[in-house]
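Enquirer: Numbering (my numbering), first residue to last: 8 to 333.
As structure tokens, this is what we get:
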């Protein structure tokens, strides 16, 4: 990776407090260029991923002239209480309360300008729960998918089914889902239990939210969706399941593979690592800039393959999960 000329570009970063409608206080961080901003990027995190993970990307985007808001869902990162035992939070809360609060902050507390939503994994799924999420000018999904275990290759379904079935017992025992079960970060019990129940059902979150399908169908903003061929947490069949619910005429689908980068793993988290600063970061921000300035997007796109790549190994999964520890 070559030196980044934006490293020397001065930017600012400041903490912001976001108050959800039910009185829960969330912590966010606002990255800004020193001069006028081209627009605002709002990053909706993946499950269990603290906002600090996105800080290098956010700082780089600020140096490119974009304002960026990151935030932690309740129970995660800097929005976590001292103890998760007895802490009430669900995945639905993350969308209906936390993500909605972050969007309202961007729309009401920041100077007017175009807004792009960047949804990582669950951060993409939540557009089916909150209709206001379509009130943006552009969207980028990174490994956005539907989490029913049936979308995974046959060899992995039994393992996933057993895991999701065991979650309620684990959370009753510990008062939360411990990070050592595989995520690396503790999850509030309510979040883990709701997520597990969705993952065991073919309709995923649409089982509990009958109008989610219609909300997905109304998400008609220009969209760039990334699918990584070595992503255990979002195989292409699961990515396709989400994309099939969205308006086809606004989709730009980008399939990337380690082969495109000399064999370097990408996985579920790699796109936000600095290793992809000179490639995928530039492509992503270029798409946003093109959309903000009413140009035809120039990001390369491909059709998703009908079949998934060969199974990802356990070693590759563990390496991917090291995002929070490296």
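Yeah, the Cβ is synthetic: ideal placement off N, Cα and C, and Gly gets one too.
Need the endpoints of the beta strand (DSSP E) that residue 125 sits in, please.
Expert: The residue given as residue 125 occupies position 118 in the chain shown. Where residue 125 is concerned, the enclosing beta strand (DSSP E) stretches over 122–127.
Enquirer: According to the Cβ coordinates, are residue 136 and residue 99 closer than 8 Å?
Expert: Taking the chain shown and counting its residues from 1, the one referred to as residue 136 is at position 129. Taking the chain shown and counting its residues from 1, the one referred to as residue 99 is at position 92. Yes, these two residues count as a Cβ contact at 8 Å.
Enquirer: Would you call the region 118–126 and the region 46–64 in contact, with 3 or more CB pairs under 8 Å?
Expert: Touching, per the Cβ criterion.
Enquirer: Run the CB neighbour count on residue 40, radius 10 Å, all protein chains shown included, and call it buried at 16 or more, exposed below.
Expert: Your numbering for residue 40 matches position 33 in the chain shown. Counting Cβ neighbours within 10 Å, residue 40 comes out buried, since at least 16 surround it.
Enquirer: Using 8 Å for Cβ pairs, my map puts residue 34 next to residue 79. What's the rounded Cβ distance?
Expert: In the chain shown, residue 34 corresponds to position 27, counting from 1. In the chain shown, residue 79 corresponds to position 72, counting from 1. Correct: roughly 6 Å between the Cβ atoms.
Enquirer: Please list, in chain order, all residues of the same chain as residue 253 whose beta carbon is under 6 Å from its beta carbon, the five residues on each side excluded.
Expert: Taking the chain shown and counting its residues from 1, the one referred to as residue 253 is at position 246. Closer than 6 Å at Cβ, skipping near neighbours: 223 and 226.
Enquirer: In this structure, does DSSP put residue 111 in helix, strand or coil?
Expert: If you number the chain shown from 1, residue 111 lands on position 104. Helix, per DSSP.
Enquirer: What is the DSSP secondary structure of residue 18, counted as helix, strand or coil?
Expert: Your numbering for residue 18 matches position 11 in the chain shown. If DSSP states are grouped into helix, strand and coil, residue 18 belongs with the strands.
Enquirer: Which stretch, first to last residue, makes up the beta strand (DSSP E) that contains residue 39?
Expert: Translated into the one-based positions of the chain shown, residue 39 becomes position 32. 32–40 is the extent of the beta strand (DSSP E) around residue 39.
Enquirer: How long is the line joining the alpha carbons of residue 2 and residue 221, rounded to whole angstroms?
Expert: Since the displayed the chain opens at 8 and closes at 333, residue 2 lies outside it and no answer follows.
Enquirer: For residue 31, which residues from the same chain have a beta carbon less than 6 Å from its beta carbon, with the 5 sequence-adjacent residues on both sides left out?
Expert: Translated into positions along the chain shown, residue 31 becomes position 24. 81.
Enquirer: Just checking my contact of residue 66 with residue 38 at CB under 8 Å: how many whole Å lie between their CB atoms?
Expert: Walking along the chain shown from the start, residue 66 turns up at place 59. Walking along the chain shown from the start, residue 38 turns up at place 31. Rounded, the Cβ-Cβ distance is 6 Å, consistent with contact.
Enquirer: Taking buried to mean at least 16 other C-beta atoms within 10 Å of its own C-beta, is residue 22 buried or exposed?
Expert: Numbered from its first residue, the chain shown carries residue 22 at position 15. Residue 22 should be labelled exposed.
Enquirer: Shortest alpha-carbon distance to residue 95 belongs to which of 114, 199, 216 and 77?
Expert: The sequence position of residue 95 within the chain shown is 88, counting from 1. The residue with the shortest Cα to Cα distance from residue 95 is 199.
Enquirer: From the DSSP output, in three-state form, read off residue 310 for me.
Expert: Position 303 of the chain shown, counting from 1, holds the residue named residue 310. Confidence at residue 310 is low in this model, with a pLDDT of 49, below 50, so its placement is unreliable and no value can be given for it.
Enquirer: If you draw a straight line from the alpha carbon of residue 286 to that of residue 73, how long is it in whole angstroms?
Expert: Within the chain shown, residue 286 is the residue found at index 279, counting from 1. Within the chain shown, residue 73 is the residue found at index 66, counting from 1. In a straight line, the C-alpha of residue 286 is about 18 Å away from that of residue 73.
Enquirer: What's the C-alpha gap between residue 6 and residue 86?
Expert: Coverage of the chain is limited to positions 8 through 333, which leaves residue 6 absent and any answer about it impossible.
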